[in-house]
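According to the working numbering, the residues represented by the sequence shown are 3 to 289, in order.
Idealized CB from N, CA, C, for every residue including glycine.
Quantities reported herein were computed from a predicted structural model and do not represent experimental measurements.
Below is one structure; the comments refer to it alone.
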Amino acid sequence: MTTIYKSEEGKLAVLSAYQNILAAWPLANKQYKVKTTYGDTFVIETGNPENPPLVLLHGSLSNSFSWFSDVPLLSEQYHVFAIDLIGEAGFSAESRPHYKSGAYEQWLDEVVGALDIEQCSIVGLSLGGWMALRYATVNPGKVQNLILLCPGGLATQRRDFMPRMLLKNIFAHGNRTKAIGGALGMDVKAPDKMAAMRKAFEFIQLITKNEKPRFGKLPVFGDAELNKLTMPILVVFGDSDILLKAEKSIERIKRLTPNSTTVLLPGVGHGVLGQAQRILNFLSEHK
Numbered sequence: 003m004t005t006i007y008k009s010e011e012g013k014l015a016v017l018s019a020y021q022n023i024l025a026a027w028p029l030a031n032k033q034y035k036v037k038t039t040y041g042d043t044f045v046i047e048t049g050n051p052e053n054p055p056l057v058l059l060h061g062s063l064s065n066s067f068s069w070f071s072d073v074p075l076l077s078e079q080y081h082v083f084a085i086d087l088i089g090e091a092g093f094s095a096e097s098r099p100h101y102k103s104g105a106y107e108q109w110l111d112e113v114v115g116a117l118d119i120e121q122c123s124i125v126g127l128s129l130g131g132w133m134a135l136r137y138a139t140v141n142p143g144k145v146q147n148l149i150l151l152c153p154g155g156l157a158t159q160r161r162d163f164m165p166r167m168l169l170k171n172i173f174a175h176g177n178r179t180k181a182i183g184g185a186l187g188m189d190v191k192a193p194d195k196m197a198a199m200r201k202a203f204e205f206i207q208l209i210t211k212n213e214k215p216r217f218g219k220l221p222v223f224g225d226a227e228l229n230k231l232t233m234p235i236l237v238v239f240g241d242s243d244i245l246l247k248a249e250k251s252i253e254r255i256k257r258l259t260p261n262s263t264t265v266l267l268p269g270v271g272h273g274v275l276g277q278a279q280r281i282l283n284f285l286s287e288h289k
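Next up, the structure:
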């Protein structure tokens, strides 16, 4: 298998840093792998098994560390499964099937089956949002609620799906702290979030430095595919997203799905994080 890393040293640096993050996970959890056709998939399980299942799918150039600050609140009411995407810088297999191959919906269905989940709510961020949409259009009966944070696939991309462009945009700003906060969807005025924001950005930089990028554009879903989505849907974008067309994406999901709620966050770029309370509020309205 071709490695997704530029070097073995870079791979070790990323996975070592990620292991340190996992060791400091903010609440009791189980960490394990499940087998799929596309290789082993790493899962972080938290919350009461008696609660409804909630699956979390992170974005590109990332792993489940994306949910570090959100998991404690989400796990109070849900049985949470944070899943490392295949082909990304986590502990899942490094396989990267073609986006149009049908592999990703099969992969996620195998993961959900291995977790003994019949129906769940899914939160997908960026590339994870595209995968969540792909899965929901193929298996709509298995998705109770769909929460999409800056998802791909609703409108054509501004350029190749390379979040490293986000980093270049941040470094071009004079006020880097403010730019990082806007890019990551965090309130930089909140002192308690400042340290977490900087650590998150440093880890993203480490991954970006050592992981080979995914080239090519994410396929845009057709009208007929989106028409299949009858479950409650929450879509959140930042109005300063430099990778995806936020307003066009929102217009399409509102027009083509009967039960969607949309939010456009002012001053926020690509990478909408820290949305746990908004997610819980939405889920509580659609039990």
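Quiz item: Do you know offhand how far I6's Cα is from F203's?
Solution: Here residue 6 corresponds to residue number 4 of the sequence shown, with the count starting at 1. Here residue 203 corresponds to residue number 201 of the sequence shown, with the count starting at 1. Each residue's alpha carbon lies about 20 angstroms from the other.
Quiz item: Given a threshold of 16 other Cβ atoms within 10 Å of its Cβ, counted over all protein chains shown, does R257 qualify as buried or as exposed?
Solution: If you number the sequence shown from 1, residue 257 lands on position 255. Flag for R257 reads exposed.
Quiz item: Can you check whether the CB of K32 is closer than 8 angstroms to the CB of T43?
Solution: If you number the sequence shown from 1, residue 43 lands on position 41. If you number the sequence shown from 1, residue 32 lands on position 30. No, Cβ-Cβ distance for T43 and K32 is not below 8 angstroms.
Quiz prompt | Residue environment, N212, which counts as buried when at least 16 other CB atoms sit within 10 Å | solution = Mapped onto the sequence shown, residue 212 falls at position 210. Answer is buried; the Cβ neighbour count reaches 16.
Quiz item: So Q146 is in the beta strand (DSSP E); what residue range does that whole segment cover?
Solution: Along the sequence shown, read from residue 1 onward, the residue named residue 146 stands at position 144. Counting along the chain, the beta strand (DSSP E) containing Q146 begins and ends at V145 to L151.
Quiz prompt | For L59, the first and last residue of its enclosing beta strand (DSSP E) | solution = On the sequence shown, position 57 is the one that residue 59 refers to. Note, L59: beta strand (DSSP E), P55 to L59.
Practice problem: Grab me the residues of Q21's own chain with a C-beta within less than 6 angstroms of its C-beta, minus the 5 sequence neighbours each way, in chain order. | Solution: On the sequence shown, position 19 is the one that residue 21 refers to. So the list is empty, once near-sequence residues are dropped.
Practice problem: Report the residue from E287, S128, K214 and V270 whose alpha carbon sits nearest the alpha carbon of D243. | Solution: As a first step, residue 243 must be located in the sequence shown, where it is residue number 241. The shortest C-alpha separation from D243 is found at V270.
Quiz item: T179 to G143, Cα distance in whole Å?
Solution: Within the sequence shown, residue 179 is the residue found at index 177, counting from 1. Within the sequence shown, residue 143 is the residue found at index 141, counting from 1. Residue placement at T179 is flagged as unreliable, the pLDDT there being 46, under the threshold of 50; a coordinate-derived value is accordingly withheld.
Quiz item: Are the beta-carbon atoms of T38 and E120 separated by less than 8 angstroms?
Solution: Translated into positions along the sequence shown, residue 38 becomes position 36. Translated into positions along the sequence shown, residue 120 becomes position 118. Contact: no.
Practice problem: State buried or exposed for I172, treating a residue as buried only when at least 16 other CB atoms are found within 10 Å of its CB. | Solution: Working through the sequence shown from its first residue, we reach residue 172 at position 170. Reliability of the predicted coordinates at I172 is poor, the pLDDT of 45 falling under 50, and the value obtained from them is presented with this limitation in mind. Classification for I172: buried.
Quiz item: Which whole-angstrom value is the C-beta distance of E90 and N65, which I expect to be below 8 angstroms?
Solution: Along the sequence shown, read from residue 1 onward, the residue named residue 90 stands at position 88. Along the sequence shown, read from residue 1 onward, the residue named residue 65 stands at position 63. N65 and E90 do touch by the CB rule: their CB atoms are close to 6 angstroms apart, below 8 angstroms.
Quiz item: Alpha carbon to alpha carbon, how far is S251 from T259?
Solution: Here residue 251 refers to the residue found at position 249 when the sequence shown is read from its first residue. Here residue 259 refers to the residue found at position 257 when the sequence shown is read from its first residue. If I take the Cα positions, the gap works out to 12 angstroms.
Quiz item: What's the C-alpha gap between N261 and V274?
Solution: Taking the first residue of the sequence shown as 1, we reach residue 261 at position 259. Taking the first residue of the sequence shown as 1, we reach residue 274 at position 272. If you take the alpha carbons of N261 and V274, they lie about 21 angstroms apart.
Quiz item: Near Y80, what residues of its chain come up, given a Cβ to Cβ distance below 6 angstroms and the 5 sequence neighbours on each side ignored?
Solution: The residue labelled residue 80 in the question sits at position 78 within the sequence shown. Cβ within range, chain order: G49, N53, P54 and L56.
Self-check item: Under 8 angstroms between C-beta atoms of A95 and G41
Solution: Position 93 of the sequence shown, counted from the start, is the residue given in the question as residue 95. Position 39 of the sequence shown, counted from the start, is the residue given in the question as residue 41. Their beta carbons are under 8 angstroms apart, which means A95 touches G41 by this criterion.
Quiz item: When burial is assigned at 16 or more other CB atoms within 10 Å of the CB, is A25 buried or exposed?
Solution: Counting from 1 along the sequence shown, the entry for residue 25 is found at position 23. Counting Cβ neighbours within 10 Å, A25 comes out exposed, since fewer than 16 surround it.
Exercise. Give me the Cα-Cα distance between R98 and W109, rounded to the nearest whole angstrom.
Key: For the purposes of this step, residue 98 is identified with residue 96 of the sequence shown, where counting begins at 1. For the purposes of this step, residue 109 is identified with residue 107 of the sequence shown, where counting begins at 1. Going by the C-alpha atoms only, they are around 11 angstroms apart.
Quiz item: Using CA coordinates, which residue listed in L267, R216, I23 and I149 is at the minimum distance from I255?
Solution: Sequence index remark: in the sequence shown, residue 255 carries index 253 (1-based). Of the listed residues, the one whose Cα sits closest to I255 is I149.
Quiz prompt | Nearest neighbour of P221, chosen from L228, K102, S62 and G126 [CA to CA] | solution = Locating residue 221 in the sequence shown gives position 219, counting from the first residue. Nearest of L228, K102, S62 and G126 to P221, Cα basis: K102.
Quiz item: Looking only at C-alpha atoms, which of E10, A134, R280 and E287 sits nearest to L75?
Solution: Against the sequence shown, residue 75 aligns to sequence position 73. Closest by alpha carbon: R280.
Quiz item: Just how far apart, CA to CA, sit Q277 and D72?
Solution: Against the sequence shown, residue 277 aligns to sequence position 275. Against the sequence shown, residue 72 aligns to sequence position 70. Roughly 7 angstroms between the two C-alpha positions.
Quiz item: Going by C-alpha distance, which of E78, S62 and Q207 is nearest D86?
Solution: Taking the sequence shown and counting its residues from 1, the one referred to as residue 86 is at position 84. Cα-wise, what sits closest to D86 is S62.
Quiz item: Which value, in whole angstroms, describes the spacing of the CA atoms of H288 and E11?
Solution: The count along the sequence shown starts at 1 and reaches residue 288 at position 286. The count along the sequence shown starts at 1 and reaches residue 11 at position 9. Roughly 46 angstroms separates the two Cα atoms.
Quiz item: Is the CB-CB distance between V1 and L282 below 8 angstroms?
Solution: Nothing about residue 1 can be reported from this structure: the residues present for the chain run from 3 to 289 only.
Quiz item: Does DSSP put K256 in a helix, in a strand, or in coil?
Solution: The count along the sequence shown starts at 1 and reaches residue 256 at position 254. K256: helix per DSSP, three-state reduction.
Quiz item: Smallest Cα separation from G240: which of G115, H272 and C122?
Solution: Here residue 240 refers to the residue found at position 238 when the sequence shown is read from its first residue. That would be H272, whose Cα lies nearest to the Cα of G240.
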